[in-house]
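All the letters of the sequence shown, read from the start, carry residue numbers 1 to 396 under UniProt numbering.
Think of the CB as a built atom: it goes at the ideal place given N, C-alpha and C, for glycine as much as any other residue.
Treat the numbers as computed from the prediction; the structure is a model and nothing was measured.
Notes for the one structure printed next.
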Amino acid sequence: MTAGFCQRCLHYTFDYETPKTLVIPNIGVGCVFRFTQLLVVLYVVGYVCVVQKAYQETDSVISSVTTKVKGFAFTNTTDMDPRFWDVADYVIPSQGDNSFFVITNMVVTPNQTQSRCPELPNPSTTCVDDCDCIEGHSDPRGNGIQTGLCENYSTTAKTCEVLSWCPLEIDTKLPEHALLASAENFTVLIKNSITYPKFNVHRRNILPHINSSYLKRCEFNHATDPDCPIFRLKNIVSEAGEEFQDMAVKGGVLGIIIDWSCDLDWWAGKCYPKYSFRRLDSKHPVNNVAPGYNFRFAKYYKTQDGEETRTLIKAYGIRFDIIVFGTAGKFGIVPTIVNLGAALSFLSLVPVVTDWFLLTCTRKRDLYSKHKVTNLNEDAETESVSMGTGTSYGTQ
Ligand SMILES: *[C@@H]1O[C@H](CO)[C@@H](O)[C@H](O)[C@H]1NC(C)=O
1 MTAGFCQRCL
11 HYTFDYETPK
21 TLVIPNIGVG
31 CVFRFTQLLV
41 VLYVVGYVCV
51 VQKAYQETDS
61 VISSVTTKVK
71 GFAFTNTTDM
81 DPRFWDVADY
91 VIPSQGDNSF
101 FVITNMVVTP
111 NQTQSRCPEL
121 PNPSTTCVDD
131 CDCIEGHSDP
141 RGNGIQTGLC
151 ENYSTTAKTC
161 EVLSWCPLEI
171 DTKLPEHALL
181 ASAENFTVLI
191 KNSITYPKFN
201 VHRRNILPHI
211 NSSYLKRCEF
221 NHATDPDCPI
231 FRLKNIVSEA
241 GEEFQDMAVK
251 GGVLGIIIDW
261 SCDLDWWAGK
271 CYPKYSFRRL
281 DSKHPVNNVA
291 PGYNFRFAKY
301 YKTQDGEETR
311 TLIKAYGIRF
321 DIIVFGTAGK
331 FGIVPTIVNL
341 GAALSFLSLV
351 PVVTDWFLLT
361 CTRKRDLYSK
371 HKVTNLNEDA
381 ETESVSMGTG
391 TSYGTQ
């Protein structure tokens with residue numbers, strides 16, 4: 001028993017397998033074979049070479065962006081004195097990295113001084129008498145540090161008094177129509193320089209064919225002026241599928257996306273910026289708690305008698321983020337060899353598929369499978385049995 005088993009082991013270990021060619025004159029099998037080959041070739045040519053450009057070396061973009069907003073506005077509302085606005089008033093900060101913010105709406109609280117005043121009424125600040133207010137207590141959601149007194153906020157409500165910048169800001173009545181509605185007509189010049197360090201390629205979005213007189217009068221438009229780097233804010237917002245005046249009320253974040261994907265091969269030689277626009281903060285129609293974008297800042301003054309006052313501004317507006325991305329590709333011999341090898345290895349699947357078809361789907365499959373594997377050991381064994389001797393190792 002064991003001896004027979006070991007003999008078999010020996011056979012399997014030292015048997016040498018060599019392919020034998022079978023020619024199958026069957027049109028169906030031939031079709032499957034050629035069709036599978038065609039699929040592999042299409043994959044290599046169509047997807048690997050044309051779509052993926054796997055023959056290229058790649059590099060990702062390094063970029064710098066500067067912006068300049070232009071435009072004026074004039075406001076004349078009941079809340080505020082008539083006022084003229086220019087860039088220094090509505091763009092904050094005056095320069096930033098890859099983004100700029102334009103004020104479109106605001107709540108202004110002028111003439112605040114360091115003093116005491118009753119809190120805005122809400123369940124945690126209303127009081128009946130001084131016992132309800134704790135001296136020194138400060139609620140982060142409140143407006144100041146409690147003095148321990150309960151004061152009349154109005155004729156009907158009493159609230160705890162706080163030490164704060166008074167009068168307190170009342171930000172519940174935000175103008176329903178954006179204060180700076182004319183911000184829709186402001187324009188922004190975006191200057192963007194990029195580098196692909198690996199290929200030593202430098203480009204900028206003010207293309208060589210743009211001259212200064214064109215730059216003075218052009219305005220970006222996907223159809224007519226796709227290369228002009230000057231954008232009207234209203235167009236940016238509407239290309240992102242939003243309405244400027246709606247967005248201006250509560251603010252938001254908008255992405256200006258510059259795609260610098262380049263094909264640097266001489267036969268393609270294309271390297272231009274492509275602009276697209278998209279709203280980045282979520283504007284979910286149902287889950288719409290705390291929408292928009294706002295922040296506060298103040299301007300400080302001293303009155304003639306030396307008292308410090310400030311004007312508090314809660315600014316709502318649109319932040320424009322400029323996002324630059326892209327990869328450049330150029331023919332390289334190493335990626336060509338590596339990717340071609342990887343793709344062509346799929347050719348080894350062709351016989352697998354064809355064999356499967358041959359041995360399961362054809363009418364003469366039994367004949368084919370009989371011829372496909374020939375084990376000379378078995379021949380030898382049957383022979384040796386008939387000759388009545390022990391096993392001879394591959395005698396033929
Ligand atoms: C923006 O400009 C257009 C055309 O110049 C004008 O019709 C529109 O009223 C302006 N928008 C605002 C809010 O002033």
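Would you kindly work out how many angstroms separate the C-alpha atoms of residue i and residue j, rounded to a whole number?
i           : j           : result
residue 212 : residue 179 : 34 Å
residue 351 : residue 337 : 23 Å
residue 371 : residue 10  : 25 Å
residue 329 : residue 341 : 19 Å
residue 134 : residue 252 : 39 Å
residue 113 : residue 168 : 10 Å
residue 398 : residue 159 : Only positions 1 to 396 of the chain appear in this structure, which leaves residue 398 out of reach.
residue 332 : residue 347 : 23 Å
residue 200 : residue 139 : 57 Å
residue 388 : residue 5   : Confidence at residue 388 is low in this model, with a pLDDT of 47, below 50, so the placement of that residue should be treated as unreliable; the coordinate-derived value is given next. Rounded to the nearest angstrom, the two C-alpha atoms are 20 Å apart.
residue 181 : residue 143 : 30 Å
residue 222 : residue 163 : 55 Å
residue 165 : residue 285 : 36 Å
residue 232 : residue 185 : 6 Å
residue 265 : residue 41  : 23 Å
residue 218 : residue 230 : 7 Å
residue 446 : residue 86  : This structure cannot speak to residue 446, because the chain is shown only from 1 to 396.
residue 52  : residue 175 : 52 Å
residue 97  : residue 36  : 53 Å
residue 14  : residue 367 : 28 Å
residue 204 : residue 28  : 58 Å
residue 393 : residue 50  : Note on residue 393: pLDDT 47, under 50, position unreliable in the model; no value is reported.
residue 155 : residue 127 : 14 Å
residue 78  : residue 129 : 37 Å
residue 100 : residue 39  : 51 Å
residue 161 : residue 290 : 28 Å
residue 74  : residue 94  : 20 Å
residue 18  : residue 335 : 34 Å
residue 191 : residue 283 : 29 Å
For residue i, write down the residues that DSSP places opposite it in a beta bridge.
i           : result
residue 308 : 302
residue 337 : DSSP, once it has assigned bridges, lists no residue as partnering residue 337.
residue 101 : 319
residue 277 : 256
residue 204 : 193
residue 6   : Answer is none; residue 6 lacks a bridge partner.
residue 106 : 315
residue 324 : 258
residue 221 : 225
residue 166 : 113
residue 85  : 73
residue 67  : 190
residue 232 : 187
residue 151 : 159
residue 330 : 57
residue 146 : 162
residue 270 : 263
residue 62  : 195
For residue i, tell me which candidate among the options has the shortest Cα-Cα distance.
i           : options               : result
residue 325 : 119, 298, 271 and 57  : 271
residue 311 : 98, 110, 254 and 91   : 110
residue 141 : 147, 119 and 128      : 119
residue 187 : 33, 207, 8 and 72     : 72
residue 314 : 52, 50, 86 and 296    : 296
residue 309 : 18, 299 and 38        : 299
residue 365 : 177, 24 and 108       : 24
residue 91  : 276, 316 and 281      : 316
residue 345 : 319, 44 and 18        : 44
residue 234 : 320, 21 and 362       : 320
residue 263 : 191, 57 and 293       : 57
residue 69  : 81, 89, 75 and 60     : 89
residue 173 : 207, 198 and 108      : 108
residue 292 : 258, 249, 323 and 260 : 249
residue 322 : 288, 349, 280 and 177 : 280
residue 55  : 26, 339 and 117       : 339
residue 274 : 258, 244, 353 and 195 : 258
residue 47  : 197, 246, 170 and 343 : 343
**Request:** Could you name the residues whose beta carbon sits closer than 7 Å to any heavy atom belonging to ligand 1, keeping them in chain order?
**Result:** 181, 182, 184 and 185
**Prompt:** Is the region 119 to 127 close to the region 91 to 110, with three or more CB pairs under 8 Å?
**Reply:** no
**Asked** Touching or not, the region 225 to 235 and the region 143 to 161, by the rule of three or more beta carbon pairs under 8 Å?
**Response** no
**Message:** So, does the region 55 to 67 touch the region 360 to 376, judging by three or more C-beta pairs under 8 Å?
**Reply:** no
**Request:** Evaluate contact between the region 26 to 42 and the region 354 to 362, counting only Cβ atoms and requiring at least three cross-stretch pairs below 8 Å.
**Result:** yes
**Prompt:** Contact between the region 231 to 241 and the region 302 to 309: three or more CB pairs below 8 Å?
**Reply:** no
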